[in-house]
Structure formats: structure tokens, C-alpha cells
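Chains A and B, in that order, are what the protein sequence lines are. Take our numbering: the final residue in the first sequence is number 156, and no numbers are missing along the way. Take our numbering: the final residue in the second sequence is number 1063, and no numbers are missing along the way. Think of the CB as a built atom: it goes at the ideal place given N, C-alpha and C, for glycine as much as any other residue.
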Amino acid sequence: MQKELNKEQIISILQKYSPTKDNILKCLHELQDAHPQNYISKVILEETAKHFKLTKGQIFGIVSYYSMFSLKPRGRYLVRLCKSPVCNMLGAKSVTEYFDSKFNLKPGETTTDGMFTLELAECLGRCGKGPSMMINREVVTELDSKKIDEIINTKK
Amino acid sequence: MSKIIEIQIDSKVVKAAEGSNLLQVARDNGFDIPGLCYHKKLTPTGACRLCVVKIDNTPGLIMSCTVPVKEGMKITAFDEELEQNRRHTLSYLLAEHNEEFDDSYEDEIRPLIKRYNLEKPENRPLKPIWQGIPRVVDNTSPVLTYDSSKCIRCFRCIKACDEIQGKGVLSFADRGISKYIVAGFGEWFNSECDGCGECIQLCPTGAIVEKPFRESLKISEIDSKVITTCPYCGVGCQTEIFVKNDTIVRVDGVDDVSPNDGRLCVKGRFGYQYANSKKRLTHPMIKRNGVFEKVSWDEALDFVSSKFSEIKQKYGSKSLAGYSSAKCSNEENYIFQKFIRIAFGNNNVDYCTRLCHASTVTAMLKSFGDGAGSNSIEDFETTDCLLVTGNNIIDTHPITATYVKRGKAAGQKIIVIDPKWTPLVKYADVWLQPKLATDVALLNGLINIIIENGWIDKNFIENRVEGGMQAFESLKELASKYTPEKTEEITGVSKEKLYEAAKIYATAKTAMIATGMGMSQQTVGTNNVFSLINMCLITGQIGKELCGLNPPRGQNNVQGATDVGASPVNYPGYIPVTNEDNRKKVAEIWKVPFESLDPKPGLTTIEIMNAAYDGEIKAMYIMGENPVVTDPDRHHTVEAIKKLDFLVVQDIFETETTEFADVILPAASLYEKDGTVVNSDRRVLRLRKAISAPGEARQDWQICVDIAERMGFKIGSYNSPEDIFAELAKAAPIFGGITFARIEKHGIQWPCYDENHPGTSTLFLEKFNTESGKAKIFPVDYKEQSETPNTNYPLVMNSGRLLYQYHSATMSRKSKVLNAYANEAYIIINPEDAVKLGLKDGDKVKVTSPRGSLETTAKVSDEVLKGETFMPWHFNEAPVNALTRNEIDPMSKIGPFKYSVVRVERV
């Protein structure tokens, strides 16, 4: 499996965006999503800075400001588990424990096969159907171990 | 001028310009409102919230740094509530702030802590939490250290880098309480930071501090602070030198003074180490049996004067010559040329300007009657269009470039003409990349497009150009041969780009040109500048404010040295040697018989070396120059110097040239001198002695006076450089109104004819300085180079400078800081040529020209065109001038440093 997004691939994505400031975030998201390790690599930083005529520090400032961007490699799928009080009351804690016992995955960690990273998120706004999580852009609600197994299996 | 209005601050009526910054107005009027993020050179930020005031009829507390003043405003600057609020805000800042202090910087936060009685932790409303905040320390830069625990996130450094220096290297990283300043991806050294230190100078809390002397320096125990002119390039930045134990320990920029308004570059701020170097020359030395022996000044002066006299007697006065120096003051150059004209009895005095802007000056003198830049350095910011040709202005004139970058940010159009990529290309609207040495064709092509499209200024041509439309017609006829197609064929620049550049320049409301070594250092150097002038004249982009032609000068006093007469063809103030009336006048000032002054122009730099080679020049006196490295065709130069019967070199260090001297005389450096220099915009600026000269080193002018006296010539008795300047002002009318007293704080731009004359910021507003008062068009054709690439030497080598080194590097390479940035020679090769030659980046290569060869490292980059290469010329171990030829431009006698055919092979 490809581990890096190479320079040519990065440039071909960058070329879709005219180098105006309003395009920077959209462009960075596409680059991060395209990266097999789901993060903003050094090469992405360098090429994006060049494309948008920014200095290295300026692009680093933007990327490090937004928590949705990562400067460290992550799994192909990013699981964001809601840590709000409502989800907690509805059993989010046992969901976290299930990830640990079944997949050996604690919050902030990535599975050894590089497929999944688990993060805790603020309220996802699906309190009525908690516990909830997002897997990349997809929201999954009313979680239990069965549902988690199902969704993980479809991604593998 | 904006309207002057009245406002009230704490019931005191205060006058101010409408719209000016309220905090600044208050402070200017004695209201000491606290504030840490505001700096008068930056746009207001409103981050620290300490400068709060109350404004009548406006609810709440307002940050005064963000308020433009309006007529009738009533301000409360101090009352109990405001002071309470400020105290609380300061306490809040302190909670996140590490107060460790190492005494090496001036801190703006500590006096406030005292003022608000927050010194004792128990007095603070908020308790410290800084220990719990992630701390980022970046120690990778050669010049500074950043410590986030001392940073109050005030934005000053970010704005200093962006708004003042136009670099934008710094940014905030992360968010919220753990926010910190970042350069690059977290490592200062691997960022675009070039070490100018503007952020250090503006940091209010010691979060960014200088590295040199940090361990040993206590800023409160500095012995003296002296304001003088930077010894490096021709911008003439005003610097404040901090001295401890006769050693320079820090250099800051001086605010509110032209040309730099506090800004400095890395050389100016950190390149001072050479002055206190242990390698300085400290005693006179005479070479005996091939070995230099220390001797007394008496012995050295006796020996030098008797040898000069003996050679003059034996071979005649034409057998002697001297090189003056762009690294010496006006007074010293004036005395040196006076020495040559009186004691040697000829006009064989020249200096490195011959290798630099001689062609520019020659063309400008012929066309305009003045050879100096027509505008002020500040104008580089405010003109609508700037055309920069053959001038790597960001590296070679970094502070002039700050004005350019600020201009760009405000909408200025920039055209770059350069065969090699330079950092300015990043800011350019158009970059024309012609093949080397095709400039005349390129400019004629642009002129043709301008004429064809009717973008000429007929009114200007008729009124300000000699011969009016008739002169224009002759240029039109010549330029008509350079159709866009033909020009593209010769230069390689596309028709579209030519059109775009021509249109921007010719149709701009105001346009200025900066021309550099790329234009001047060619065998067609004078023609290159004639072509530029022609374009300038037909578009009328000269003779009014913010328009003109400027050659930024490379060394601290390259302008002044020519102004004061270190020239084989001109007396002080650009009056030709051949002008009898002037010689009479000067003879009277110098108190010498008129007949003793040689009416024939002397030899130029390269002509002097050639005459030495031919055995006609027998003895030379070199003051502060290093021709072995700087003159073209090194092999020839060394042979010529070896043939001399007698060589005296006066310098601050041993150089590649002192090796061949018979006598070495130790001189004072620019930090050890009083006097004046003239910068690129003709500004006469003060030099002030900051430290003592080492050992027995002496002032250059005193050495000249003593040698002359022992040769039997009295060239003047002066008590100080001020006396010399007073005499110079009499001899050179352009300096007539300038005195040391008048330039105590601000320099004056020549011409300044009398004591009431304010000086001249823009030349040629009324008339040109020619006899007719009009400028002259000199149509010139493109000529091919005498040497062109061939099977033996398939590539062409261009050469140039780097930001971090200076000239032959005698001074700059003594600085650890500068060397940390750039200390190695290289040759840039286009990727296509590299493939053909089987070379990779970093390979060791041998570069050979018909004159010689050298070894260096290959750097593969598309900064140069296919078939072309580039080498920085500062490094003696890879001496570019071993490869250049000594063929000269017939009009200006400049050498072609920018064009040599070469062959590159892997070692």
C-alpha cells in the first residue's frame, strides 16, 4: 500500500486551486484526505507554501491552528468518538473500552495496520441517538459493539 | 499634509494631525500610557490591552493604539479605574510569563511591573500558570534564540518581519494559551529567515534575543553607544554601536533617520566581528628577504617615502599610481587623490568603482551630466512602477529592498530583468530572463514596442531632450530593427512578456529604474546603460518626482570616493582634470603651483594593472583594496603586481594582495574613524569613532599626509576629518553647503551648494546637468560578445554576490555568524546541462576558462538558463576572477565579470 503522497500527486491537487487565500483551507483538506496516512506531511507543507506564495512559517501557522489538520501520520480512517455528557450517559465509556479490548486502540492511537486512529471529539450534535461517533465524514449513532464491528469490517 | 486638529487629553489641549494614532499622540505629548504590543513603525494590533483610555461619548474602555484622532475628542488617559484595569491586565500577562532575565536585552515589561507594584507575587491578583504551558525554545538560528515562555504574543516580531522587512517569515503556531512564534516548520535555521534581526530589535520582552555576547553582556553596563554609518553596502544605514571594553558587542538600527529608519540587514547587525578580530594588522611591516618584519612607523614611512621618491626620480612621475578605496571615508579618499596629484604628480588614481558602476556613471554623465542615482531610497517604496535590471537588490542592498517590498504590498508594479533568478522575482509582476549579454537588444526591443504603441512622452522629448523629436527619430529608426520577433530570437524572451513589461513601465504614472552589476560589468556596459537611458527619456520617466535611474552602490563609500575625486579623469565634485579654471582654483586651495598639477587624465584601474604588466608603472600605493581577488583575470593581475619594483598596501587585514607587498601599513577600520561617507542616494552621512584602532594602526589620511611630507610635499595640516571636509567643501561645489554640524543627526543629499540649500532629494527636476540643460539620447546597437561558447568551452559563466558575504570577504568572512549562513563557493548549473555533463547536486567540479581554472561544488538549479552558469565571487579558494578576461568596455574601462566562456567537468 502507498505510504506517502508524492510530490507529483500533491502538485496535481494543488493545480486545481487558484492561489488565492480563500482556497487554502479547502485545498489543505483535500491534500490531507488524499494522503494515505491522513495528515499534512512536510512535502505537502512545502508545496502548498510554494503554490500559495506563503512562507513556511505562514503555512505551518495555518495548519497548526486548526485541530482538523494533523501534522502527524494517522490511520486511513479517523474515528472521532463523542465525549459529551449526553453520549457518556448513554454509554460512550463502554464504547471506548470496547475499542481498547477488541482492537487494542486507545484514544490518540493508531492501529498497527495503519487503518484506524481513535480520537475523542466534542459534541457531534446527535445527542438523541447517542453514543455517536464519526468515521471520517460519516456519522454513526446508537453505537454498540455489534454496530462497531459491522462498520469496522466494511472499512477493512 | 493632513489637517491639524485639536483634542483634549486629561483636559490638556493637544494638537495633532487628523487621523494619527491616539496612543502615539498621547505619548508624544508626555502622557506615558503603558503598552507593549504597539510600536510606531507597525500597524496597530491591540493585543496587550494595556493602552486603554476613555473617550467621551464612547462606551467602555478603548485601546488607544487602535484609535485615529478626530477633531474635538476628549480623552481620559489616567484615572483610578483605568490604572486598576491596566494593573489587572498586566498581572494577567505576567501569569503566563516567565520572568527569568539574563541582563542581555532591554526589557519593556519589567519597568511596568515595577510601576504597577506587581513585583512581589503576593501582590498579583492572578497567580503564575506559565510553568504549565508547553514551552517551545528554538535555538537553531545562528543569530537568535526564541523562548515561548517569555513571549506575550504581541505580534510585534511577526509584523516587524512582515511589514518592515517585507519577509513574512514569522507566524503564530498552535492556538489559545499554547500559541507560540514559529519560523519555518519549527526550526528557525531551516526557515526563510536571513538573520536581519528586526524581530530582536522590536521584541519587548526578551522572548527573541541575540545570541552573540548573550552569556557575557549586561546591557546596563555598556560603556558607550555611538551612532555611525554601517561599513558594508552603499545603502548607508545608520547604526548604533554598543561598546564594552573597546569591543563592539551589539549593533542596532537607528529609528527616525534616513535611509534605514531603524532597519538593518544581517551584515549590518551581525557582521561587526572583523573589527575586533585578532587577525587585524597592528604594526607596519617591511618585507626583507621574503619575510615580513615588524618595524616602527618612522622606519616604515621613511622607507616608503624614499622608495617612492627614488622611483619617481629614476622613471618619472608617470611610473607611479595608486588605488584609493570605497571602504574609506570621503576625507581619506580626498586626501589620497590629493596625495597622488601632488606627491606622485599625476592623475593615476582610481579604485574599485571602475569594476563596478564605471559604465553606468560614464553613460549617465554623458546623457544627464550627473553619474549618481536620481532618487532617494525612500522613493523605492512610493513609485508606481519599479524596473530592476541586473540587480539582485534583495541580497545586495537589503534595506533598499525593504522599501521595494513595502511598495509591492501597497500595489507597486515590479519588473525584473535578470538572466538569473533572484529573490525579487517572487515579488515581480513580470520577470524577463534574457540570455546573458543581450541587454541592448532587449532594451531596444522594449523601446520599439513603446514607440509602436504610442506610449512615448512627446512633450518631454521636445522640451527636455537635446535635439527633441529629431533625436528621437534616430532612436526610432535604430529600434525599428528590433522587432518583437527579432528581440525574442536574440534574447530568448517571449514577445508577450516584452509587451507586458514595456506597457507597465511606459504607461505607469511614475516609474523608477534600479540598475546593477548585471548591466554594468560587461564589455558593452556603457551601451547597456545608454539603452536604459534612452527608454527612460522617450517615456519621460525621469526629471520628475519618483521617476529616474538609480545605480545602488555596492560599498559603503563607493559613491563618495568618486564624488571627492578618487578618479583619473575628475577632480573633486566631478570637475574634469582637463578643466584649467578648476585646476587653478584647486591649486589655490591646495596651496600648490598650478603648473604642478598634471592636466592629462590618468590611468584607470585595469589600465594601471596593464601598465604595470608592461613595465610602465613601477610602484603602486594601494589603500584598502584587494585587486588580486577583485580585478579580472587573476593570473594577469598577479603577474603585473610581481613586476612592480615597489608595492605598498595599506589595509586592516592581510589579504591576497598584501602577500605581494614590499610594505604593509596597518590602518583603522570604519568603526574606528570619524568622517563622512556618501551613500547611494547621494546622502552625506557621518562616521563616528566607536572603538580604538588596534595596536599601532593609524587613520588612513594621516598615513598619506606623513608619506607626502617625507617625500617633501606638504599636502595640508589638519587636526581632524572635519578640517579636511571643510577644504573638500571648498573644492567641490556639490558639497559647498554641507558641514559636520548640519549633518549631526540627518544626512544631506548633494548637490547642496550653500549653507541655506536643503540638499537635493531628486535630481533633474528642473534641468539636466549637461551644458544645454537637456538630456541626450545615444542610440546604440546590440553587439555580440568577442568570446562565445564553443566546443572547448560550451557554457557561459555569470558571477555575482550573496547577502551573507561582502566583496572579497576580507571583512565578512571574519564573522562566525555570516559564515554560518554561507561560507562555501559553488557553481549553479541548469538541470539540462547537468544531465548532459552527468553531474549531480553537490558533485565536485573543475571549472575552466581560456584564462585559468578552479575547483568548486556543483549546484543544480533552474535559477539559470540552459547553457549558462553562475558563481558567487567572494571566495578566494574558488576565485572567479581566475576565469574572467581583462578585455574592457572601451568607454568606461570596466571589466566583463558577467560573461566568461567555461567548461565544467567532474573532478
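Which residue from B/Met625, B/Thr639, B/Gly672 puts its Cα closest to that of B/Ile549? B/Gly672
To the nearest angstrom, how far is it from the Cα of B/Gly324 to the Cα of B/Lys972? 25 Å
If the cut is a Cβ gap below 9 Å, which residues of chain A does B/Phe345 touch? Those do not exist, as B/Phe345 stays about 12 Å from chain A at its closest Cβ, beyond 9 Å.
If you check the beta carbons only, do A/Lys56 and B/Glu810 fall under 8 Å apart? no
May I have the straight-line CA-CA distance separating B/Leu693 from B/Glu622, to the nearest angstrom? 11 Å
Quick one: residues in its chain with C-beta nearer than 8 Å to the C-beta of A/Glu119, no 5 flanking neighbours on either side, listed in chain order? Leu78, Val79, Arg80, Leu81, Pro107, Gly108
7 Å CB neighbourhood of B/Ser327 in its chain, flanking five on each side removed: Ile314, Val338
In terms of residues, what are the limits of the beta strand (DSSP E) holding B/Ser955? 951-956
Classify B/Gly601 as helix, strand or coil using the three-state DSSP reduction. helix
Is A/Leu90 close to chain B, meaning its C-beta is less than 8 Å from at least one C-beta of that chain? no
List, in chain order, every chain B residue whose beta-carbon is nearer than 7 Å to that of A/Gly125. Close partners of A/Gly125 in chain B (Cβ separation under 7 Å) are lacking, with about 22 Å as the shortest Cβ gap.
In the DSSP assignment, what residue or residues form a beta bridge with B/Asn706? B/Ala670
So, with DSSP's three-state summary, where would you put B/Val517? helix
In chain order, each beta strand (DSSP E) run of at least 3 residues that lies wholly inside the stretch 482-559 of chain B: Fully contained in the stretch 482-559 of chain B are the following beta strand (DSSP E) runs of length 3 or more, in chain order: 541-545.
Can you round the beta-carbon distance between B/Leu800 and B/Met776 to whole angstroms, since I take them to be within the 8 Å contact cut? 6 Å
Contiguous alpha helix (DSSP H) assignments of at least 4 residues, all confined to the stretch 40-73 of chain A: Whole alpha helix (DSSP H) segments, 4+ residues: 42-51, 56-65.
Interface residues of chain A facing B/Arg331 [CB-CB closer than 9 Å]: Ser64, Tyr65, Tyr66, Ser67
Does A/Phe52 come within less than 8 Å of chain B when only Cβ atoms are used? No, no contact with chain B.
Should B/Ser158 be labelled buried (16 or more other beta-carbon atoms within 10 Å of its own) or exposed? exposed
Contact between the stretch 525-535 of chain B and the stretch 913-926 of chain B: three or more CB pairs below 8 Å? yes
Per-residue burial, B/Met1027 [other beta carbons within 10 Å of its own, 16 or more giving buried]: buried
Could you tell me the alpha carbon to alpha carbon distance between B/Cys141 and B/Lys845, rounded to whole angstroms? Since the first and last residues shown for chain B are 157 and 1063, residue 141 of chain B lies out of range.
How many whole angstroms separate the CB atoms of B/Gly353 and B/Lys197, which I take to be in contact at a CB cut-off of 8 Å? That pair is no contact at about 15 Å.
Which residues in chain B sit within 9 Å of A/Leu45, going by Cβ to Cβ distance? Phe341
Which of helix, strand or coil does DSSP assign to B/Asn946? In the displayed model, B/Asn946 falls within coil according to three-state DSSP, outside both helix and strand.
Can you confirm whether B/Glu319, when its beta carbon is compared against all beta carbons of chain A, has any partner nearer than 8 Å? no
Closer than 8 Å, CB to CB, is A/Gly57 near chain B or not? A Cβ of chain B is located within less than 8 Å of the beta carbon of A/Gly57.
Where B/Trp1029 falls: helix, strand or coil (DSSP): coil
Three-state class that DSSP yields for B/Met776 in the structure shown: Reduced to three states, the DSSP call for B/Met776 is strand.
A/Asp100 to A/Pro85 span [Cα, whole Å]: When the Cα atoms are used, A/Asp100 and A/Pro85 turn out to be separated by approximately 20 Å.
DSSP puts A/Cys82 in a beta bridge; with which residues? A/Ala121
For a test of the three-state rule: what should DSSP assign to B/Ser1056, helix, strand or coil? strand
Exposure of B/Ser480, with buried meaning 16 or more beta-carbon neighbours within 10 Å: buried
In three-state DSSP terms, what is B/Met867? When secondary structure is reduced to three states using DSSP, B/Met867 falls in the coil class, being assigned neither helix nor strand.
Should B/Glu366 and B/Leu300 be called a contact, given that it needs their Cβ atoms to be closer than 8 Å? Yes; because the gap between Cβ atoms is below 8 Å, this pair is in contact.
Distance between B/Asp937 and B/Pro1064 (C-alpha atoms, nearest Å): Missing from the structure shown is residue 1064 of chain B; chain B here goes from 157 to 1063 and no further.
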